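A.B. asks: My structure is below; once you've seen it, I'll send some questions.
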Amino acid sequence: MTDKSLERVRRGCFRIADKSEEPPSEDTLQRRRLEAHQHGILSTSKGRMVYSHTSAACLQELNLWRVNQQIHATQGFAISAHGHGLDVQSHCFVLPPDQIVVIDGFRTTSVERTVVDCGRILSHQQGLIVADHALRRGADRENIAHILKSLAGHRGISRAREVMEKASGLSESPGETLTRHFFISTNLPTPIEQFVVQTRLGSHRLDFALPELELAFEFDGKTKYFDYQPTSDALFQERRREKALTEMGWQFLRIEWADLFRAAELKARVLAAITAAESRRR
């Protein structure tokens with residue numbers, strides 16, 4: 014019995030997969046689709062095609078949330094709607110040389126251009142996640158502003174501009190981005206991101222804080238505990254730091270992924286925590 018199987022990557026392209034492999038992430042699957050697409054057009058693109066929008070974001074390893082599997086390609090001339098394949102969205106635009114980079118052999122839009130393009134086609138929340146991650150990794154906000162200005166009047170540019178008005182380089186995960194968006198969209202008091210407090214155990218950085226009320230909001234996503242150290246160690250240290258802050262008078266409200274999709278219920282919890290904190294201060 015063989016432990017190999019034939020796995021479809023995209024139409025007309027398959028790979029030999031090991032059945033013992035862990036199920037790939039969506040990012041990995043999309044990367045394989047891009048590799049298959051690039052291999053298929055090497056003899057026809059003549060080096061003029063550039064991966065853009067969410068495809069560029071994938072190649073740049075920017076956070077993407079709930080985006081479709083479509084491949085985006087930008088070139089300086091128009092082709093038929095499905096000239097590169099049914100799963101490819103072609104964009105006709107002559108990109109300036111400084112907005113094109115090469116990543117692992119792929120010609121892609123620069124990270125700043127990618128932020129703008131994603132902001133133009135994605136929902137506000139999806140675009141905000143891309144922008145937050147790019148800024149955290151060093152994307153040039155002034156360069157993004159220049160690109161936005163140069164694209165005035167183009168489809169979706171107002172949406173991209175709104176994304177950048179709300180974007181922050183402080184969020185450490187998509188969950189934190191969506192948590193900040195929740196506070197803004199529900200007209201709640203806007204907490205300070207990544208607020209640092211000195212405790213008897215050293216400094217501790219809170220995801221969000223209303224320092225005048227000594228009230229903290231922490232987003233609990235599994236990557237927060239799995240990325241850097243064994244889960245048990247991470248949880249122990251987190252609870253230890255939280256205990257030190259509680260001794261100082263701080264109160265915590267923890268927010269999970271599911272909470273972000275029950276906005277009315279979460280807003281009620283936040284308002285109750287604020288009211289309790291105000292009572293304690295009096």
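Take any residue in the sequence shown, count from 1 to its spot, add 13: that is its number in the working numbering. Positions of the beta carbon are idealized from the N, C-alpha and C atoms, including for glycine. Being a predicted model, the structure only gives us computed values, none of them experimental.
Using 8 Å as the threshold, is the stretch 280-293 in touch with the stretch 207-219, meaning 3 or more CB pairs across them?
C.D. replies: no
A.B. asks: Going by alpha carbons, who is nearest to Q51 out of L42, D111, Y64?
C.D. replies: Y64
A.B. asks: Just reading off the alpha helix (DSSP H) that V283 is part of, what are its end residues?
C.D. replies: Its alpha helix (DSSP H) spans residues 276-294.
A.B. asks: How long is the line joining the alpha carbons of I113 and E278, rounded to whole angstroms?
C.D. replies: 45 Å
A.B. asks: What number of angstroms, rounded off, separates the C-alpha of Q264 from the C-alpha of F106?
C.D. replies: 52 Å
A.B. asks: Using CA coordinates, which residue listed in R213, L191, S171 is at the minimum distance from R275?
C.D. replies: L191
A.B. asks: Taking the straight line between their C-alpha atoms, what separation do you get for Q43 and D111?
C.D. replies: Whole-angstrom Cα-Cα distance: 26 Å.
A.B. asks: With DSSP as the reference, please indicate the residues paired to I113 in a beta bridge.
C.D. replies: Answer is T122.
A.B. asks: Do you know offhand how far W270's Cα is from F90's?
C.D. replies: 42 Å
A.B. asks: Could you tell me whether the Cβ atoms of D153 and E125 are closer together than 9 Å?
C.D. replies: yes
A.B. asks: Please name the residue or residues paired with C105 in a DSSP beta bridge.
C.D. replies: Q88
A.B. asks: Assuming contact is defined by CB atoms lying nearer than 9 Å, are I84 and V128 in contact in what I supplied?
C.D. replies: Going by C-beta atoms, I84 is not nearer than 9 Å to V128.
A.B. asks: How many angstroms separate the CA atom of G132 from the CA atom of V143?
C.D. replies: The alpha-carbon atoms of G132 and V143 are separated by roughly 8 Å.
A.B. asks: Measure the C-alpha to C-alpha separation of G140 and I160 and round it to an integer number of angstroms.
C.D. replies: Those two C-alpha atoms are separated by around 16 Å.
A.B. asks: Hey, Q207 and E185: beta-carbon distance below 9 Å or not?
C.D. replies: yes
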